[in-house]
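Numbering-wise (the numbering used here), the sequence shown opens with residue 602 and increments by one.
Positions of the beta carbon are idealized from the N, C-alpha and C atoms, including for glycine.
Everything numeric in this text was worked out from a predicted model, so none of it was measured.
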Amino acid sequence: MSDLHIGPIEILIGENQSRTPFSTSLLIKGKESDAFIDCGAGEAVFDYVKREHNVQDIYVTHYHLDHIWGLAEFPESLVWINERDLPKFSDLDEIAKANGYFAIYGEEEGKEWVRGLREEAGARKRGHYSWSSVIGARKAIYPYDREIELAGTRVVMLHAPGHCEGFCCPYFPDYGILHVGDFDLTAFGPWYNNADSDIDDMVLSAKQTLLVDAELYVTSHQKGVVSRADYQRLLETYMGIIDRREEKVNRAVRQGMPPEQLIHQEVFYLQKNVQQTPRLLVFEKMGIAKHLRRLIKHGEPIQDYYESYLTAHGMHGEFVDYVHTPSAATPSGVGELNRPSKGERK
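Here it is as structure tokens:
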């Protein structure tokens, strides 16, 4: 079943080459029990894992649905999450806020979306992708940026915010593997279209992934596993898409484009895709709002335009940014870790 096996680490590519709503998983084989990283690879992978392995612990890199929708397949497993995502694994209202539904629709309609999730929770069918399954899971918290063991294998969960605030990249120092997840190197480009996303954080986190002494980089979608040289080359192109999007937004603002029209400029999604999947418009609106706020932060005098943009699209500015500060925040960033030299690797 494995697409690649390195020591105790089995890399399992999801259905449809891990295109959303699927994602790549990592399975770590232990002596007595096994661990799983992310849980969205699809039913064929789930069946294989349940048949051939004894998964007691599931670690999730972040709360997004394409990485967690399969948790209901493993009801006896302990789900390990980071402290920044804890509220989202405990309260569907927090998922709605972090995703941007409160920003787009307001508090009352956001709560209506949540009520719909609660109503469907009891009617779950296999293969149905829903947030509701995460709320009842047994949970524990893993630390950022400290060495821990998964099924007897050393790993460091490197905090890499930006895609969302809790996002992390599991690093296996003994095997030179970094699971960069949603730094997925696809032609679409970086995704930072939630309320808890931050473009500047994502730019910094991307640079930090290159500070890690890794030889293999595992993406969550489509690209699979790439070498360090390929990752560095592809990452530059991938992250460059941010600047192209921002220039497109800034040029439209400078040219006096009405804010009502800005969401139809294909900054993120093609119009034909939005027509086929109308919910993508939520993320188009949120992504543009993130760019407008970043332009303001970097000195562009467009505050009035930003406020007009919110008004034009009925958005609620108080919910555009979502941040959860843990009671005892763990250190963030890759920093300098106690890594073995390449000669010490297994």
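- Between the stretch 602 to 618 and the stretch 635 to 650, the count of C-beta pairs closer than 8 Å reaches three or more; the two stretches touch.
- By the Cβ-count criterion, K824 is buried, with 16 or more other Cβ atoms from all chains shown falling within 10 Å of its own Cβ.
- The Cβ neighbour count for A830, taken over all protein chains shown within 10 Å, is under 16; the residue is labelled exposed.
- Its chain contains K886 as the residues whose beta carbon lies nearer than 6 Å to that of H914, once the 5 sequence neighbours on both sides are disregarded; these appear in chain order.
- Ranking M840, P609 and C640 by CA distance to the CA of T787 puts M840 first.
- Closest by C-alpha distance to H925, out of A853, K698 and A890, is K698.
- Here T754 carries a strand assignment [DSSP, helix/strand/coil].
- Residue burial annotation: E848 is exposed, with fewer than 16 other C-beta atoms found within 10 angstroms of its C-beta.
- Inter-residue distance for D635 and P902 is about 54 Å (C-alpha atoms, whole angstroms).
- In the pairwise beta carbon analysis, the stretch 906 to 920 is classified as touching the stretch 854 to 869: at least three pairs are separated by under 8 Å.
- I889 and Y870 have their C-alpha atoms some 11 Å from each other.
- Contact annotation, H764 with Y745: C-beta distance approximately 15 Å; criterion of less than 8 Å not satisfied.
- Considered as a whole, the stretch 693 to 750 harbours 740 to 742 as its complete beta strand (DSSP E) runs of no fewer than 3 residues, in chain order.
- By the neighbour-count definition (other C-beta atoms within 10 Å, threshold 16), H665 is a buried residue.
- For T820, the number of other beta carbons within 10 angstroms of its own is at least 16, and it is reported as buried.
- Burial is judged here by how many other beta carbons sit within 10 angstroms of a residue's own beta carbon; S828 has fewer than 16 and is exposed.
- For E611, the enclosing beta strand (DSSP E) stretches over residues I610 to L613.
- Nearest to D785 by C-alpha distance, out of T621, R895, G608 and H606, is T621.
- The alpha-carbon of V656 is positioned some 30 Å away from that of W792.
- A contact is defined here as three or more CB-CB pairs under 8 Å, and the stretch 729 to 742 meets this definition with respect to the stretch 666 to 676.
- Taking 9 Å as the cut-off, the beta carbon of A796 is found closer than this to the beta carbon of F920.
- Just measuring C-alpha positions, the residue of G782, K808 and G857 sitting nearest C640 is G782.
- Under the DSSP assignment, H780 falls outside any alpha helix (DSSP H), being part of the beta strand (DSSP E) whose first and last residues are I778 to G782.
- Distance between P859 and D801, taken at the CA atoms: about 26 Å.
- In the DSSP annotation of this structure, the continuous segment of the beta strand (DSSP E) that includes F637 starts and ends at D635 to I638.
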